[in-house]
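Chemist: Would you mind keeping the following structure in view while I ask a few things?
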Amino acid sequence: MRTPAKARELPSLSDMIRVTHTLDQLTTKLGAILDASEPIDAGINETTEDCGDMQIWVTPISKIPFEILSEIFVIAAELVWWSPMINASVCRLWRDVALATPRAWRFIDLRSEPPLSVTLNFFERSGRHLLHLTVPAGPATAPLDYATIVGTIPQRVRCLVLTEASQSLLLESYPKLTNLSVTYPRVHIPLRYLDGRRFPKLRYVDASFTGISWDASLSVSLPPIVELTVRTDRHGAWLALIPQISKTLVKLHIIVTGESLLSQTGVGELPRLKHLKISTECERVRHWFFDAKTPSLISYNTIEGDGIYTINVNVGLVTHLQCWDAVTLSPYGSIRHLAVVGFHCDVEPALSIVDQICENPTICMDLERIVLGSWDFLDTDTINARLQSRREYTGIDIKIEPIGSDNLDWPGAAQRSVSIQRIDENNAELMHSTVWAEDAL
Numbered sequence: 007m008r009t010p011a012k013a014r015e016l017p018s019l020s021d022m023i024r025v026t027h028t029l030d031q032l033t034t035k036l037g038a039i040l041d042a043s044e045p046i047d048a049g050i051n052e053t054t055e056d057c058g059d060m061q062i063w064v065t066p067i068s069k070i071p072f073e074i075l076s077e078i079f080v081i082a083a084e085l086v087w088w089s090p091m092i093n094a095s096v097c098r099l100w101r102d103v104a105l106a107t108p109r110a111w112r113f114i115d116l117r118s119e120p121p122l123s124v125t126l127n128f129f130e131r132s133g134r135h136l137l138h139l140t141v142p143a144g145p146a147t148a149p150l151d152y153a154t155i156v157g158t159i160p161q162r163v164r165c166l167v168l169t170e171a172s173q174s175l176l177l178e179s180y181p182k183l184t185n186l187s188v189t190y191p192r193v194h195i196p197l198r199y200l201d202g203r204r205f206p207k208l209r210y211v212d213a214s215f216t217g218i219s220w221d222a223s224l225s226v227s228l229p230p231i232v233e234l235t236v237r238t239d240r241h242g243a244w245l246a247l248i249p250q251i252s253k254t255l256v257k258l259h260i261i262v263t264g265e266s267l268l269s270q271t272g273v274g275e276l277p278r279l280k281h282l283k284i285s286t287e288c289e290r291v292r293h294w295f296f297d298a299k300t301p302s303l304i305s306y307n308t309i310e311g312d313g314i315y316t317i318n319v320n321v322g323l324v325t326h327l328q329c330w331d332a333v334t335l336s337p338y339g340s341i342r343h344l345a346v347v348g349f350h351c352d353v354e355p356a357l358s359i360v361d362q363i364c365e366n367p368t369i370c371m372d373l374e375r376i377v378l379g380s381w382d383f384l385d386t387d388t389i390n391a392r393l394q395s396r397r398e399y400t401g402i403d404i405k406i407e408p409i410g411s412d413n414l415d416w417p418g419a420a421q422r423s424v425s426i427q428r429i430d431e432n433n434a435e436l437m438h439s440t441v442w443a444e445d446a447l
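Offset between the sequence shown (1-based) and the working numbering: plus 6.
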């Protein structure tokens, strides 16, 4: 007896009893074969395979319906792009599920240098679904030119992560591309590369690792970008970019660098902007100025670091505020959730924020929750003791949680421009020895 023809059907109680009885018989048979003076290899292999098939069919995980298992495979592929090949090699049922789930084959990270046959398999098994591709830099002696391979299917690319060597791919036309991330540092993308005629559906741009250069003599028609992550630099091209997409921009993350200009102008009105984050990667910025009218802003992540900054935005409707230090709460009349994540050894700035509410109960009347980010070396028990009276007085849920700056359940935080999968060095050997060796797939 092998796995039933209708492998997607769940085993009934009678099936479980019958298979368990058969397993006992096969185990006895296998023991007799092994005890023989001259074991028959064919008999051993066949009986062992029969036992394995039946055990897989009646295991608890086999009770997961086909449709749910298919969704699990899709989620797994978002985390580990080559997981469909591993899942398909587990058993016949899983192979059926993997091959019948084209969405699980959409993610391809070419940085791991898969053989051409594997890459083409993913292209084929993803069916008509659009692809999420990461194109590697790779040495000039790389066995395959992945940029050329990707260039043959631009109409199927939805999300694209580019490295320095694959910059030329930006000159292609991608009629269905919605997400673009450029991961190579110290190289500037010409603003003309983001031409809306070649990227008509581009909505999410992540330029957090690179800068944007701008030629004032060129006229560029940009696509209606909704989400943008951009670095400031001496060229000031990001200032030319934001006003051109001001009518469509909903989420903006500005990374202030040490090369930022000491004096910069505002960006005008951003009528649809709901989520704003401003961060810095260094402490060398002496003064940085940002001014924008943001009438729809609901979540605001303030700047971190010790520099001197002047930021003028509309915060009257902000419901979610994340700050790195003490902040005056009176301008935030609509705030409901507050997170303070920047304090280290000194917690007084964080406590002073709570004291503002105790001293003036009329401010932030809608505030429901305060989260204070903790570090391992902080005495959270002592801090909790100091907070207890404040909790009772204000009636606000005040918690201390081991959080960072980017893992809060914040409006707009769940949607990412491009999912960049990390290649774990610990499983790199497994990936090459197991996945690429699965010739049967």
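Glycine residues also receive a C-beta, built at the ideal position from the N, C-alpha and C atoms.
1. Cutting at 8 angstroms between CB atoms, please list the residues of its own chain near serine 20, excluding the five before and the five after it.
2. Please list the terminal residues of the continuous alpha helix (DSSP H) segment that includes aspartate 387.
3. Could you give the residue range of the alpha helix (DSSP H) that holds isoleucine 78?
4. If I follow the unbroken beta strand (DSSP E) through asparagine 185, where does it start and stop?
5. Comparing C-alpha positions only, which one of Ile404, Pro337 and Arg109 sits nearest to serine 132?
6. Is glutamine 328 near threonine 300, with beta carbons less than 8 angstroms apart?
7. Quick one: Cα of histidine 450 to Cα of leucine 282, how far?
8. Please determine, among Tyr338, Ala345, Gly379 and Ser358, the residue with the shortest C-alpha to C-alpha distance to threonine 3.
9. Of all the options Ser123, Leu176, Leu208 and Phe113, which has the alpha carbon lying nearest to the alpha carbon of aspartate 137?
10. Name the two residues that bound the continuous alpha helix (DSSP H) containing glutamate 130.
11. Assign methionine 371 to buried or exposed, taking buried as 16 or more other Cβ atoms, counted over all protein chains shown, within 10 Å of its Cβ.
12. Would DSSP call alanine 298 helix, strand or coil?
13. For the alpha helix (DSSP H) containing asparagine 93, list its first residue and its last residue.
14. Here's the rule: buried if 16 or more other CB atoms are within 10 angstroms of the residue's CB, otherwise exposed. What is valine 96?
15. DSSP state of cysteine 364, grouped into three classes?
16. Give the DSSP-derived three-state secondary structure of lysine 35 in the structure shown.
17. Per DSSP, which one or two residues make a beta bridge with asparagine 318?
18. Would you mind reading off the limits of the alpha helix (DSSP H) that contains valine 103?
19. Taking only three categories from DSSP, how would you classify histidine 27?
20. Which first and last residues belong to the alpha helix (DSSP H) in which glutamine 250 is found?
21. For tyrosine 210, count the other beta carbons within 10 Å of its own beta carbon; 16 or more makes it buried, fewer makes it exposed. Which is it?
22. Take glycine 322 as the anchor and find which of Ile304, Phe205 and Asp331 has the nearest alpha-carbon.
23. Checking 8 angstroms against the spacing of the C-beta atoms, do isoleucine 317 and valine 333 come in under that value?
24. Of the choices Trp111, Leu245 and Thr54, whose alpha-carbon is the least far from that of leucine 36?
25. Are threonine 140 and valine 163 closer than 8 angstroms when you measure CB to CB?
26. Counting only the same chain and skipping the five closest in sequence on each side, list residues whose C-beta sits under 6 angstroms from that of lysine 280.
27. Out of Val273, Arg237, Thr263 and Val262, state which residue places its alpha-carbon closest to the alpha-carbon of lysine 253.
28. With C-beta atoms as the reference, is isoleucine 406 less than 8 angstroms away from threonine 386?
29. Using a 10 Å radius around the Cβ and a threshold of 16 neighbouring Cβ atoms, would you call glycine 401 buried or exposed?
30. I'd like to confirm the pairing. Which residues does DSSP put opposite lysine 207 in its beta bridges?
31. Just mark alanine 243 as buried or exposed, buried being the case when its beta carbon has 16 or more other beta carbons within 10 Å.
32. Quick one, which of Glu287, Pro181 and Val103 has its alpha-carbon nearest arginine 204's?
33. So, using beta-carbon positions, are isoleucine 218 and isoleucine 195 closer together than 8 angstroms?
Modeler: Result, derived from the coordinates:
1. Within the sequence shown, the letter at position 14 stands for residue 20. Closer than 8 angstroms at the Cβ level, and outside the excluded window around serine 20, lies no residue.
2. The sequence position of residue 387 within the sequence shown is 381, counting from 1. Segment 386 to 400, the alpha helix (DSSP H) holding aspartate 387.
3. If you number the sequence shown from 1, residue 78 lands on position 72. Isoleucine 78 -> alpha helix (DSSP H) spans 72 to 85.
4. What you label residue 185 is simply residue 179 of the sequence shown in a count that begins at 1. Per DSSP, asparagine 185 belongs to the beta strand (DSSP E) from 185 to 188.
5. Reading the sequence shown from its first residue, position 126 is the one you call residue 132. Ranking the options by Cα distance to serine 132, first place goes to Arg109.
6. Indexing the sequence shown from 1 puts residue 328 at position 322. Indexing the sequence shown from 1 puts residue 300 at position 294. Cβ distance not < 8 angstroms, so glutamine 328 and threonine 300 don't count as in contact.
7. Since the first residue shown for the chain is 7 and the last is 447, residue 450 is missing from the structure and cannot be characterised.
8. Lying before the first or after the last residue shown, residue 3 is absent from the chain, which here runs from 7 to 447.
9. For the purposes of this step, residue 137 is identified with residue 131 of the sequence shown, where counting begins at 1. First, the amino acid is wrong: residue 137 is leucine here, not aspartate. Considering only alpha carbons, the answer is Phe113.
10. As a working mapping, residue 130 is identified with position 124 in the sequence shown. Start and end: 122 to 131.
11. The residue labelled residue 371 in the question sits at position 365 within the sequence shown. Result: exposed.
12. Counting from 1 along the sequence shown, the entry for residue 298 is found at position 292. In this structure, alanine 298 counts as coil in the three-state DSSP scheme.
13. Counting from one through the sequence shown, the residue named residue 93 turns up at place 87. Element bounds for asparagine 93: 89 to 94.
14. The count along the sequence shown starts at 1 and reaches residue 96 at position 90. Exposed.
15. Mapped onto the sequence shown, residue 364 falls at position 358. Note: cysteine 364 maps to helix in three-state DSSP.
16. Here residue 35 refers to the residue found at position 29 when the sequence shown is read from its first residue. If DSSP states are grouped into helix, strand and coil, lysine 35 belongs with the helices.
17. The residue you call residue 318 lines up with position 312 of the sequence shown. Its beta-bridge partners are Asp297.
18. The residue given as residue 103 occupies position 97 in the sequence shown. Looking at the DSSP string, the run of the alpha helix (DSSP H) that includes valine 103 is 98 to 105.
19. Your numbering for residue 27 matches position 21 in the sequence shown. Helix at histidine 27.
20. Your numbering for residue 250 matches position 244 in the sequence shown. Where glutamine 250 is concerned, the enclosing alpha helix (DSSP H) stretches over 243 to 250.
21. Your numbering for residue 210 matches position 204 in the sequence shown. Looking at its Cβ environment, which holds 16 or more other Cβ atoms inside 10 Å, tyrosine 210 is buried.
22. Here residue 322 corresponds to residue number 316 of the sequence shown, with the count starting at 1. Checked all of Ile304, Phe205 and Asp331; the closest Cα to glycine 322 is Ile304.
23. Numbered from its first residue, the sequence shown carries residue 317 at position 311. Numbered from its first residue, the sequence shown carries residue 333 at position 327. Going by C-beta atoms, isoleucine 317 is not nearer than 8 angstroms to valine 333.
24. Counted from its first residue, the sequence shown places residue 36 at position 30. Nearest C-alpha to leucine 36: Thr54.
25. Taking the sequence shown and counting its residues from 1, the one referred to as residue 140 is at position 134. Taking the sequence shown and counting its residues from 1, the one referred to as residue 163 is at position 157. Not a contact, by the Cβ cut-off of 8 angstroms.
26. The sequence position of residue 280 within the sequence shown is 274, counting from 1. Taken in chain order, the residues that qualify are Val256, Ser302 and Ile304.
27. Start at 1 with the first residue of the sequence shown, and residue 253 comes out as number 247. Closest by alpha carbon: Val273.
28. Taking the first residue of the sequence shown as 1, we reach residue 406 at position 400. Taking the first residue of the sequence shown as 1, we reach residue 386 at position 380. Closer than 8 angstroms, so yes.
29. For this step, residue 401 is matched to residue 395 along the sequence shown. With fewer than 16 other Cβ atoms within 10 Å, it is exposed.
30. By one-based count along the sequence shown, residue 207 stands at place 201. Beta-bridge pairing links lysine 207 to no other residue.
31. By 1-based counting over the sequence shown, the position of residue 243 is 237. With 16 or more other Cβ atoms within 10 Å, it is buried.
32. Position 198 of the sequence shown, counting from 1, holds the residue named residue 204. Comparing Cα positions, the closest option is Pro181.
33. Translated into positions along the sequence shown, residue 218 becomes position 212. Translated into positions along the sequence shown, residue 195 becomes position 189. Their beta carbons are under 8 angstroms apart, which means isoleucine 218 touches isoleucine 195 by this criterion.
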